[in-house]
Every structure is written in structure tokens, then in C-alpha cells.
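Notes follow once the structure below has been shown.
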Amino acid sequence: MKENKVEINIGKEIYEKRWSNSLKNGDYDILSRDENLDNQVQYFYNRYCEFILNKIKAHFKNYPYKNLRILEIGCGRGTASIYLSKKLNCKVTGIDFSKNSIEIAKKNAKFHFSEAEFFIADLFEPKTILEKTKNTNKEFDIIISLGVLEHIEQLNKCFQIHNELLDHNGLFCAMIVPEKKSIQNYFSFINRLLSSIALLISPKFRDKFSHLDKKTLSKTKDVYRSYKSAKYFKDSLIKANFINVVTIESNPYPTLRPLNRFFEKFVVKTYMIIEYLFYGLFKKSIFFNCSTNFSRCHFLIGTKN
Numbered sequence: 098m099k100e101n102k103v104e105i106n107i108g109k110e111i112y113e114k115r116w117s118n119s120l121k122n123g124d125y126d127i128l129s130r131d132e133n134l135d136n137q138v139q140y141f142y143n144r145y146c147e148f149i150l151n152k153i154k155a156h157f158k159n160y161p162y163k164n165l166r167i168l169e170i171g172c173g174r175g176t177a178s179i180y181l182s183k184k185l186n187c188k189v190t191g192i193d194f195s196k197n198s199i200e201i202a203k204k205n206a207k208f209h210f211s212e213a214e215f216f217i218a219d220l221f222e223p224k225t226i227l228e229k230t231k232n233t234n235k236e237f238d239i240i241i242s243l244g245v246l247e248h249i250e251q252l253n254k255c256f257q258i259h260n261e262l263l264d265h266n267g268l269f270c271a272m273i274v275p276e277k278k279s280i281q282n283y284f285s286f287i288n289r290l291l292s293s294i295a296l297l298i299s300p301k302f303r304d305k306f307s308h309l310d311k312k313t314l315s316k317t318k319d320v321y322r323s324y325k326s327a328k329y330f331k332d333s334l335i336k337a338n339f340i341n342v343v344t345i346e347s348n349p350y351p352t353l354r355p356l357n358r359f360f361e362k363f364v365v366k367t368y369m370i371i372e373y374l375f376y377g378l379f380k381k382s383i384f385f386n387c388s389t390n391f392s393r394c395h396f397l398i399g400t401k402n
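All the letters of the sequence shown, read from the start, carry residue numbers 98 to 402 under our numbering.
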């Protein structure tokens with residue numbers, strides 16, 4: 098689709114409804130785990146969080162990890178914040194303007210014995226963020242986000258605020274899911290077939306997944322995404338006085354839904370084997386630096402000048 102298509106910011110009311118559906122349908126436990134990945138989404142998020150963790154370790158290799166201050170913007174269910182707090186044993190704070198998502202994040206943190214903190218806050222209100230997080234130094238070492246920036250129309254203002262909140266040489270790392278053709282499009286017919294089979298087996302499926310897009314069975318019905326390219330996001334971050342800015346295409350795997358627990362694990366194992374074999378042959382990951390024609394998202398990484 099054309100990049101100049103009108104962008105629509107996701108409304109707070111719609112966003113709250115989305116998280117309300119997540120609470121109702123039990124669609125919140127996708128926290129990353131090192132072992133026993135139960136489903137595709139857990140596997141994807143484990144790879145995303147692992148990527149961010151490695152970037153942090155490389156950037157702050159001569160700095161005590163326990164002293165790092167990390168801010169996750171648009172934390173949702175708290176997946177990345179909880180993962181990083183457990184791996185780095187440092188101060189991690191997640192913010193989101195959704196009351197429901199913060200409720201989920203706090204429950205997840207308690208369940209997984211994480212000390213990550215979560216607050217209701219708007220990314221366009223930096224003073225409120227600093228007040229609620231009680232950040233006496235007024236700055237963070239790292240700012241991350243997963244699946245947030247594609248919903249932001251005022252991108253330049255957003256990046257300026259990121260710059261204000263980051264300490265000198267601070268790291269910015271975001272996973273962005275733009276509206277574009279990807280590997281998921283080529284497998285949409287399989288998801289339609291799977292959903293038809295599920296409806297035949299159980300009519301209750303219609304109610305459980307009524308809030309999902311019928312082609313991909315992902316939450317796209319009430320979520321609006323930017324059509325901007327990776328280059329556009331990169332140029333915007335550079336304009337906000339960030340340096341060493343790079344974009345990395347990621348995730349060439351489709352999400353196949355709905356599947357029962359056995360087949361979910363089977364698909365995850367298949368993806369892991371593919372990645373293992375690809376790395377063995379080419380000495381690089383198939384999950385990252387993949388073709389933009391297949392990638393479902395990209396990472397945007399930069400350093401505050």
C-alpha cells in the first residue's frame with residue numbers, strides 16, 4: 098500500500114477495549130521464557146527480548162548492569178520489562194496509558210517474581226513519567242518499546258521526548274510493526290482454513306476470537322498502523338539528534354492460528370530447527386537481517402548524541 102495513506106492514531110478508548118478483551122480471553126501470558134516455549138507468540142517475544150538484551154550488554158559492556166535504568170514505553174502486558182529485570186537485575190520501569198494493560202503487567206510481574214515496576218502514564222508527558230518513576234537523575238540509560246511507534250503519528254515529537262529522557266550515550270531500541278506486506282500475507286489462507294475448521298469443531302470459537310482479524314487471527318481489527326518505511330523511521334530518529342542509527346529487519350515466520358497446544362509447540366520446534374540449520378549453514382540468524390519482503394517487523398536502534 099502507498100506510504101502516504103492517512104495514518105490514524107489508535108484511540109485510548111479503543112486501546113482500553115483491546116486490553117479488556119485480552120483480560121477476558123486470557124491472552125496475556127506471552128512472557129518470554131528460556132525453556133518450554135509453549136506457543137509461537139512466546140517464541141517471537143523471546144527472540145525480540147533476547148535481541149534487546151544482547152544490544153544492551155554490548156552497549157554497556159564496561160558498565161555494571163545492576164546500575165542501569167531502563168524505561169519501556171507502551172509496556173502492554175510487561176513482557177520485555179519483566180524479562181530484562183530478571184536478566185539484568187536492574188531498575189526497569191514500564192509505562193502505558195491503559196489501566197487494563199498495567200493491571201496485567203503488575204500481575205505478571207508478581208507471578209514471575211520480577212521487581213519491574215509499572216505505571217499509568219502517557220509518553221507525551223515526560224514530566225509525569227519522571228514523577229511517577231521517581232527518577233531523581235531525570236534521565237534513563239535505555240528506552241525500549243515493542244510494537245508502539247507504528248501507532249504514533251507525531252513521530253518527531255515522540256523522538257524528541259525520547260532524547261530528553263535519555264542520558265548521554267543512552268541506548269534507544271524499538272521493535273516496529275508497520276503496515277506492509279510480509280510473510281504473514283502468504284499464509285493468510287491457512288489461517289482462514291484453520292479458523293473454519295475450529296468453528297466446525299466448536300461454535301464457542303466464534304465468541305473467543307471475535308475481536309481478531311479473520312485473515313491473520315491477530316489483533317488488527319482495532320489497531321491502526323503506519324505505512325511508513327524503515328528508512329522513514331531511521332531518518333526521523335537521526336533528526337532527533339541520535340547517532341549510530343540502524344534498522345534491522347526481523348521475523349520471517351508467520352503466526353499460524355488457531356492451533357491446539359500440541360501443534361503450537363510443534364510449530365515452535367519447527368521454527369527453532371529452521372533457525373538452527375540456517376545458522377549452521379550460513380553462520381547468521383534467519384530471524385534477524387532477513388529480507389524486507391518477508392520480515393514482519395524491524396528494529397530501530399540508536400544512541401543519544
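Note that beta-carbon positions come from the ideal geometry of N, C-alpha and C, so glycine has one too.
Check, Outcome
"Quick check on this structure: which residue in E250, K362 and Y350 has the alpha carbon closest to the alpha carbon of S323?", "E250"
"Name the two residues that bound the continuous beta strand (DSSP E) containing D135.", "Here D135 belongs to no beta strand (DSSP E), and DSSP marks it neither H nor E."
"Are F339 and R144 closer than 8 Å when you measure CB to CB?", "no"
"If L246 and I153 are in contact, beta carbons under 8 Å, what's the gap, nearest whole angstrom?", "Actually they do not touch by this definition, with Cβ atoms about 19 Å apart."
"Quick one: grab the DSSP three-state call for S195.", "coil"
"Does DSSP classify H265 as helix, strand or coil?", "strand"
"Does DSSP put L128 in a helix, in a strand, or in coil?", "coil"
"Could you give the DSSP three-state label for I241: helix, strand or coil?", "strand"
"Using a Cβ-Cβ distance under 8 Å, would I335 count as near chain D?", "Protein chain content of the structure displayed is limited to a single chain, and chain D is not contained in it."
"Using the C-alpha atoms, what's the distance from P223 back to H308?", "Only weak support exists for where H308 lies, its pLDDT of 43 falling under 50; the value from the coordinates is given anyway. Roughly 32 Å between the two C-alpha positions."
"Mind checking who T190 pairs with in its DSSP beta bridge?", "L168 and E214"
"By Cβ distance below 8 Å, which residues in the same chain neighbour V364 in space, the five residues on each side in sequence not counted?", "Q137, L353 and L356"
"Kindly list the residues whose CB is nearer than 8 Å to the CB of K235, restricted to its own chain and excluding five residues on each side of it in sequence; keep chain order.", "L227"
"Give the single residue among F221, L128 and N288 whose Cα lies nearest to the Cα of D193.", "F221"
"Could you have a look at T389 and say whether DSSP puts it in helix, strand or coil?", "coil"
"Is it buried or exposed for T313, if we count other Cβ within 10 angstroms and need 16 for buried?", "Only weak support is given to the placement of T313: the predicted model assigns it a pLDDT of 41, under 50, and the value that follows is read from those uncertain coordinates. So T313 counts as buried."
"If you draw a straight line from the alpha carbon of F379 to that of C387, how long is it in whole angstroms?", "13 Å"
"In this structure, what does DSSP give as the bridge partners for E346?", "H395"
"Between the C-alpha atoms of S315 and Y160, what's the straight-line distance to the nearest angstrom?", "Caution applies to S315, whose pLDDT of 46 falls short of 50 and renders its modelled position unreliable; the value that the coordinates give is listed next. Cα-Cα distance, rounded: 39 Å."
"Can you tell me whether D238 is buried or exposed, with buried defined as 16 or more other CB within 10 angstroms of its CB?", "buried"
"State buried or exposed for G377, treating a residue as buried only when at least 16 other CB atoms are found within 10 Å of its CB.", "exposed"
"Give a yes or no on whether the C-beta atoms belonging to S242 and A271 are separated by under 8 Å.", "yes"
"Quick check on this structure: which residue in A202, F210, H209 and K207 has the alpha carbon closest to the alpha carbon of K216?", "The question names Lys, but residue 216 is Phe in the sequence shown. Answer by Cα proximity: A202."
"How many angstroms separate the CA atom of H265 from the CA atom of N402?", "7 Å"
"Would you mind reading off the limits of the alpha helix (DSSP H) that contains L374?", "R358 to F379"
"Out of curiosity, what's the CA-to-CA distance linking G399 and L334?", "8 Å"
"Please state the DSSP three-state secondary structure of I340.", "strand"
"Hey, how far is the Cα of S382 from the Cα of V343?", "17 Å"
"I need the straight-line Cα distance from K366 to D135, nearest angstrom please.", "10 Å"
"Using the three-state DSSP reduction, which class does I179 fall into: helix, strand or coil?", "helix"
"Can you check DSSP and say which residues form a bridge with T400?", "L268 and I340"
"Whose C-alpha, out of A206, A155 and L168, is nearest the C-alpha of K231?", "L168"
"Identify which residue in L374, T389 and K362 has its Cα closest to the Cα of K328.", "T389"
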